[in-house]
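Asks: Sharing a structure here in structure tokens format.
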Amino acid sequence: MIFNSVTAYSYKLSLKAPITLAGHRCAYREGVLLAAQMENGSVCWGEAAPLPGFSEESPGRVAEEARSVALHLKHSHAVSETALPQGVSPSVYFAYQHILQSLSAREEGLPLRRYLNPEASDRVPLCVLIDGVGERSRIQFRRAFQRGYTTLKLKVGRSLLKEEAAFVCELLREGGPEISLRLDANRTWTREEALQFCQAVPVELIAFLEEPVREFQDLPFIQERTGVACAVDETLQALSRHVVCPGSGKSRGEAEQLRSVVEQARFLVWKPSLCLPISMLGIQSGVPVILSAAYETGVGTAAILAYAAAFSGSRWAAGVDTYTRLSSDILETPLPLNMPEIDLVACEGMGISVNPSRLKVLWHV
381 MIFNSVTAYS YKLSLKAPIT LAGHRCAYRE GVLLAAQMEN GSVCWGEAAP LPGFSEESPG
441 RVAEEARSVA LHLKHSHAVS ETALPQGVSP SVYFAYQHIL QSLSAREEGL PLRRYLNPEA
501 SDRVPLCVLI DGVGERSRIQ FRRAFQRGYT TLKLKVGRSL LKEEAAFVCE LLREGGPEIS
561 LRLDANRTWT REEALQFCQA VPVELIAFLE EPVREFQDLP FIQERTGVAC AVDETLQALS
621 RHVVCPGSGK SRGEAEQLRS VVEQARFLVW KPSLCLPISM LGIQSGVPVI LSAAYETGVG
681 TAAILAYAAA FSGSRWAAGV DTYTRLSSDI LETPLPLNMP EIDLVACEGM GISVNPSRLK
741 VLWHV
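Plus 380 on top of the position in the sequence shown (first one is 1) and you've got the working numbering.
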């Protein structure tokens, strides 16, 4: 038996300001925390937090699915994610994967990142998110630059194309060669608009352009025609959905199209709450993996940072700045993510202590 018991809790945290996600306006973040108690009394936590507009599963469905998985695992003798049943949604898979990997790491006396990769870095650079519009974006950029951030991610596709291209050029001039500027269009543009944008900016100075086009099939064309390095995020998530619920015929053909596009991208942006592990997607790609968050609490964010240290190293900054958009956390002591780099050893010394008063019990098995 792996666990003595598993308890599910729900949480609902307000955001500092409402955000719009794929047409859904959100003023708060909600999800499910799982606490697995071991025979020695220790507890491993995991977070299942589907994101409105991106995840197919709802928090209610997550709670039910997590209970079924808990009953399955309680009677399993395998202490690894291979014990998880097939067809589990990404957010639930992430929660239990984190729990099972943390358990294995504890048994070996290792921090999670070192269990996953013996050469994992102790420090992870962080990418700051610039998601404002107009002058607010300019203010966000200058504040981040003054605080020492060198990797910045700018949301594009939110205003006039020419104005955004001019703004990108302005930021590159102001930041100079010290900054690494990532752009994210969230599949906003047509093929023609993406071409026009790339022709108006120095693409060789852009770290990567994430999901530039509405039709994912057009991404390799944009990359080849303009020379910009493209990253996949939503396309990776779409492929993950096919793995969760494999189909036949037309569905299988789309999965192969998605896999082909993913394999041609130069960067993979992996959000564990929204996408199954890349190793499960059946892709052949040796390009960098960028770990990215989706407004998780400190429990999920801490796991993402461990994955970043293990899989991205100290070269590629982790995109966990969405954590700073929460007005509060379920942790007793929030993660120190208001700096360009995080020391994971120092974080381990602080410990991950969950405040139960901010949670509501859903079930216990």
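Using N, Cα and C, we set each Cβ at its ideal position, and we do this for glycine too.
Could you pull out every unbroken beta strand (DSSP E) segment of at least 3 residues lying fully inside the region 699 to 737, listed in chain order?
Replies: Segments of the beta strand (DSSP E) lying fully in the region 699 to 737: 721 to 723.
Asks: What span of residues does the alpha helix (DSSP H) with Ala446 cover, start to end?
Replies: Mapped onto the sequence shown, residue 446 falls at position 66. Per DSSP, Ala446 belongs to the alpha helix (DSSP H) from Pro439 to Lys454.
Asks: Could you give the first and the last residue of the continuous alpha helix (DSSP H) run that contains Thr681?
Replies: In the sequence shown, the residue the question calls residue 681 occupies position 301. Note, Thr681: alpha helix (DSSP H), Gly678 to Phe691.
Asks: Just to confirm my understanding: we take Asp709, look at its own chain, exclude 5 residues before and 5 after, and list those with CB closer than 6 Å. What are they?
Replies: As a first step, residue 709 is located in the sequence shown; it is residue number 329 there, counting from the start. The answer, listed in chain order, is Thr677 and Gly678.
Asks: For the candidate residues Ala446, Gln637 and Tyr703, whose alpha-carbon lies nearest to that of Leu742?
Replies: Taking the sequence shown and counting its residues from 1, one reaches residue 742 at position 362. Nearest of Ala446, Gln637 and Tyr703 to Leu742, Cα basis: Ala446.
Asks: Going by the beta-carbon positions, is the gap between Leu749 and Ser394 smaller than 9 Å?
Replies: Limits of the chain in this structure are 381 at one end and 745 at the other, which puts residue 749 out of reach.
Asks: Count the other C-beta atoms from every protein chain shown that fall within 10 angstroms of the C-beta of Thr462, then say buried if there are 16 or more, exposed otherwise.
Replies: The sequence position of residue 462 within the sequence shown is 82, counting from 1. So Thr462 counts as exposed.
Asks: Within its chain, find whatever has a CB closer than 7 Å to the CB of Val669; leave out the 5 residues flanking it on each side and keep chain order.
Replies: Taking the sequence shown and counting its residues from 1, the one referred to as residue 669 is at position 289. Hits under 7 Å: Leu648, Trp650, Ile658, Phe691 and Ser692.
Asks: Using 8 Å for Cβ pairs, my map puts Leu551 next to Phe521. What's the rounded Cβ distance?
Replies: As a working mapping, residue 551 is identified with position 171 in the sequence shown. As a working mapping, residue 521 is identified with position 141 in the sequence shown. The pair is a contact, with the Cβ atoms about 6 Å apart (cut-off 8 Å).
Asks: Do you know how far the Cα of Gly537 is from the Cα of Thr570?
Replies: To locate residue 570, count along the sequence shown from 1; it is residue 190. To locate residue 537, count along the sequence shown from 1; it is residue 157. Using only the alpha carbons, I get a separation of about 10 Å.
Asks: If you measure between the beta carbons of Tyr675 and Leu431, is that distance less than 9 Å?
Replies: The residue labelled residue 675 in the question sits at position 295 within the sequence shown. The residue labelled residue 431 in the question sits at position 51 within the sequence shown. Yes, they are a contact pair.
Asks: Are the Cβ atoms of Val449 and Val412 separated by less than 9 Å?
Replies: Position 69 of the sequence shown, counted from the start, is the residue given in the question as residue 449. Position 32 of the sequence shown, counted from the start, is the residue given in the question as residue 412. No, the Cβ-Cβ distance between Val449 and Val412 is not below 9 Å.
Asks: According to DSSP, simplified to helix, strand and coil, what is Leu671?
Replies: Counted from its first residue, the sequence shown places residue 671 at position 291. In this structure, Leu671 counts as strand in the three-state DSSP scheme.
Asks: Val468 lies in the alpha helix (DSSP H); which residues open and close that run?
Replies: Along the sequence shown, read from residue 1 onward, the residue named residue 468 stands at position 88. Segment: none, Val468 is in no alpha helix (DSSP H) and carries neither H nor E.
Asks: How far does the beta strand (DSSP E) with Ala388 in it reach, from first residue to last?
Replies: Residue numbering aside, residue 388 sits at position 8 when the sequence shown is read from its first letter. Note, Ala388: beta strand (DSSP E), Ser385 to Leu401.
Asks: Taking Cβ positions, are Gln664 and Leu599 nearer each other than 9 Å?
Replies: Residue 664 sits at position 284 when you count from the first residue of the sequence shown. Residue 599 sits at position 219 when you count from the first residue of the sequence shown. No, the pair does not count as a contact, with Cβ atoms beyond the cut-off.
Asks: What are the boundary residues of the beta strand (DSSP E) that Leu561 is part of?
Replies: Taking the sequence shown and counting its residues from 1, one reaches residue 561 at position 181. Segment Ser560 to Asp564, the beta strand (DSSP E) holding Leu561.
Asks: Looking only at its chain, what residues have a beta carbon closer than 6 Å to the beta carbon of Asp502, apart from the 5 residues adjacent to it on each side?
Replies: Counted from its first residue, the sequence shown places residue 502 at position 122. Around Asp502: Leu724 and Val725.
Asks: Find the nearest neighbour of Ala388 within the set Glu444, Pro491, Leu540 and Val700, judged by alpha-carbon distance.
Replies: The residue labelled residue 388 in the question sits at position 8 within the sequence shown. With distances taken between Cα atoms, Ala388 lies closest to Glu444.
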